[in-house]
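**Q**
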Amino acid sequence: MYSNCPIKKRRIMKRIMLLICLAAIIAPLKSQTVQAKISFNETSHEFGKFKEADGKVTHKFEFVNTGSSDLIIQNVSASCGCTAPSWTREPVPPGAKGYVAATYNPAGRPGAFRKYVTVISNSNPGSVRLIIAGDVEAKPRTLEDDYRYAMGPMRLKSNHLAFGNLKNTATSEKRLEVINNSDADVKVSFLKVPKHVVISMDPAQLKPKQKGEIVATYNAPMRNDWGFVIDRMSLDINGTTDRTYSLVISANLEEDFSALSEAEMANAPVLSVDDPEFKFGKITQGEKVEHTYVLTNSGKSDLQIRKVKASCGCTAVQPEKRVIGPGESVNIKTVFNSAGKLGNQNKTVTIITNDPKKSKMILWVKGEVLKST
């Protein structure tokens with residue numbers, strides 16, 4: 017009478033275990049079905065050939081939420097700044113439609129392109145990559161494109177003559193293309209020319225629509241300075257002056273160590289600093305902070321401090337002496353004034369010396385300026 021009880025119990029246990037296993041299998045499947053799913057009609061678009069002059073082009077990629085819960089697009093990112101995406105911002109219910117639009121700006125980008133837009137959402141899969149491609153036909157260049165700067169009847173390719181790195185023993189010549197864009201002759205003379213610059217027009221007088229050049233020669237020994245320096249001069253065009261008729265001339269003047277022998281290099285001065293970076297933390301707008309850098313000559317001959325220059329917002333007190341013997345040190349005090357400043361600050365103090373291996377050293381002043389309450 018009782019002999020079948022263990023068998024019945026075993027059967028019941030087997031059924032229970034079977035139900036548990038089925039539940040374990042079904043539960044994840046059920047949870048997977050209750051999910052958003054983004055389904056695009058297309059994932060790539062070819063714009064074909066179009067003109068740069070026609071401006072931006074846009075394509076809208078449409079999708080349907082084929083899942084069973086609301087679809088949320090969390091982010092859309094483009095592979096470069098020339099592509100600007102926009103998209104459906106609100107949740108998309110099951111069965112409803114949405115879009116991701118990609119706009120390409122062809123300005124200054126002639127030729128074939130292929131760009132990517134990545135869509136991140138709560139769909140499965142969570143990431144979809146869209147592609148836009150095309151071929152931009154360059155717009156015809158105009159006179160204004162090639163000669164961007166207007167000065168009365170004349171146009172220039174630039175208003176800046178940049179001589180770049182220049183040894184303190186060198187002279188250098190630069191030429192700047194110009195054109196007479198008027199129907200009358202143009203004659204140019206130069207005003208407030210610094211003594212270390214020789215500048216002229218070639219030819220001296222421009223016929224209507226004629227091209228020419230401004231020719232400038234920079235004499236670094238006569239400039240007698242160090243580091244990045246700027247000069248400005250004015251132009252007189254057909255007897256007329258204007259504040260916009262001006263040229264900037266720049267150069268980065270470096271000491272010429274090429275004549276030093278191996279023995280002189282071995283016995284040269286060496287500039288070192290206790291810490292090239294000062295972090296003042298957080299201060300309130302309007303506060304001032306001070307710091308003293310300690311410069312040391314770790315070399316074997318006199319170190320000459322050629323120049324001390326602070327960036328905007330900093331004041332660097334000139335050192336007590338400019339010639340530092342081997343093993344000697346000198347202090348340079350820096351004051352940072354946070355008036356008118358806000359947010360993260362990265363200011364510099366540039367030290368130029370006769371250290372042949374590192375003639376320029378940059379000291380940093382860093383911190384954050386908080387808005388005063």
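Using the numbering used here, read the sequence shown as starting at 17 and increasing by one per residue.
Quick reminder that beta carbons are idealized off the backbone N, C-alpha and C, glycines included.
Going by C-alpha to C-alpha distance, which of P219, P110, G97 sits closest to I88?
**A** If we check each option's Cα against that of I88, P110 comes out closest.
**Q** Taking buried to mean at least 16 other C-beta atoms within 10 Å of its own C-beta, is A232 buried or exposed?
**A** By the 10 Å Cβ count, A232 comes out buried.
**Q** When burial is assigned at 16 or more other CB atoms within 10 Å of the CB, is L159 buried or exposed?
**A** The residue is exposed, with fewer than 16 neighbouring Cβ atoms inside 10 Å.
**Q** How about G150 and F129: are their beta carbons less than 8 Å apart?
**A** Going by C-beta atoms, G150 is nearer than 8 Å to F129.
**Q** Measure from the alpha carbon of R157 to the alpha carbon of each residue in K72, K67, T187, then state which is nearest.
**A** Of the listed residues, the one whose Cα sits closest to R157 is K67.
**Q** Could you name the residues that DSSP lists as bridge partners for N283?
**A** DSSP, once it has assigned bridges, lists no residue as partnering N283.
**Q** Tell me R157's beta-bridge partners as DSSP assigns them.
**A** In the DSSP output, where bridge partners are listed per residue, R157 has none listed.
**Q** Judging by CA-CA distance, which residue of K316, T312, I246, Q221 is the nearest neighbour of S198?
**A** Nearest C-alpha to S198: Q221.
**Q** Whole alpha helix (DSSP H) runs in the segment 205–291 with 4 or more residues, listed along the chain?
**A** Those alpha helix (DSSP H) runs which fall completely within the segment 205–291 and span 4+ residues are 236–239, 278–282.
**Q** Return helix, strand or coil for E306, following the three-state DSSP convention.
**A** Three-state result, E306: strand.
**Q** Mind checking whether V204 and I147 have CB atoms under 8 Å apart?
**A** No.
**Q** Using DSSP with H/G/I as helix, E/B as strand and the rest coil, what is D151?
**A** D151: strand per DSSP, three-state reduction.
**Q** Nearest-angstrom Cα distance between K349 and H176?
**A** If you take the alpha carbons of K349 and H176, they lie about 34 Å apart.
**Q** Over the uninterrupted beta strand (DSSP E) stretch that includes A128, give me the two end residues.
**A** From DSSP, the beta strand (DSSP E) with A128 extends over 127–137.
**Q** In chain order, what residues of the same chain lie with their CB nearer than 7 Å to the CB of K76, ignoring the 5 residues before and after it?
**A** Counting only Cβ-Cβ distances below 7 Å, and skipping sequence neighbours, we find Y115, A117.
**Q** Could you give the DSSP three-state label for E193: helix, strand or coil?
**A** Residue state, collapsed to three classes: strand.
**Q** Spatial neighbours of E344 within its chain, please: CB distance less than 6 Å, with the 5 preceding and 5 following residues excluded, ordered by chain position.
**A** Closer than 6 Å at the Cβ level, and outside the excluded window around E344, lie N313.
**Q** Using DSSP with H/G/I as helix, E/B as strand and the rest coil, what is A94?
**A** Three-state DSSP puts A94 in a strand.
**Q** N362: buried (16+ other C-beta within 10 angstroms of its C-beta) or exposed?
**A** It counts as exposed.
**Q** On the DSSP bridge list, what partners appear for K203?
**A** Answer is Q221.
**Q** Can you give me the C-alpha to C-alpha distance between V202 and Y165, rounded to a whole angstrom?
**A** About 16 Å.
**Q** Taking the alpha-carbon of S327 as reference, which of S216, V135, T366 has the nearest alpha-carbon?
**A** Considering only alpha carbons, the answer is T366.
**Q** Could you tell me the distance, in whole angstroms, from the CA atom of A94 to the CA atom of S102?
**A** Between A94 and S102, the C-alpha separation is close to 10 Å.
**Q** So, under 8 Å CB-CB, M170 and I195 are touching, yes? Tell me the CB distance rounded to an integer number of Å.
**A** Confirmed, about 7 Å.
**Q** So that I know if they touch, is there some Cβ in chain C lying closer than 8 Å to that of I246?
**A** Here there is only one protein chain, and chain C is not present.
**Q** Could you work out which residue in R105, T74, A112, V108 is closest to T99 when comparing CA atoms only?
**A** Comparing Cα positions, the closest option is T74.
**Q** Got a sec, what are the start and stop residues for the beta strand (DSSP E) E62 sits in?
**A** Looking at the DSSP string, the run of the beta strand (DSSP E) that includes E62 is 60–67.
**Q** Hey, how far is the Cα of Y261 from the Cα of L269?
**A** Their Cα atoms are separated by approximately 26 Å.
**Q** Using beta-carbon positions only, say whether I230 and D247 come within less than 8 Å of one another.
**A** Cβ distance not < 8 Å, so I230 and D247 don't count as in contact.
**Q** Report the option in K325, T82, D162 whose CA atom is closest to the CA atom of S139.
**A** Here the closest residue by C-alpha is T82.
**Q** Please name the residue, chosen from N121, F79, P285, that lies closest to G341 on a Cα-to-Cα basis.
**A** If we check each option's Cα against that of G341, P285 comes out closest.
**Q** Could you name the residues of the same chain whose beta carbon sits closer than 6 Å to that of N16, not counting the 5 residues immediately before and after it, in chain order?
**A** There is simply no residue 16 to check, as the chain begins at 17 and stops at 389 in what is shown.
**Q** Take the Cβ of K357 as the centre, count every other Cβ of all protein chains shown within 10 Å, and call the residue buried at 16 or more, exposed below.
**A** Answer is buried; the Cβ neighbour count reaches 16.
**Q** Distance check for A267 and P237, CA to CA, integer angstroms please.
**A** Going by the C-alpha atoms only, they are around 12 Å apart.
**Q** Taking the C-alpha atoms as reference points, what is the distance between I42 and V135?
**A** Because the pLDDT at I42 is just 49, under 50, the model does not fix this residue reliably, and the point stays unresolved.
**Q** Do the segment 299–312 and the segment 365–382 touch if we need at least three Cβ pairs shorter than 8 Å?
**A** Yes: the two stretches touch, three or more of their Cβ pairs being nearer than 8 Å.
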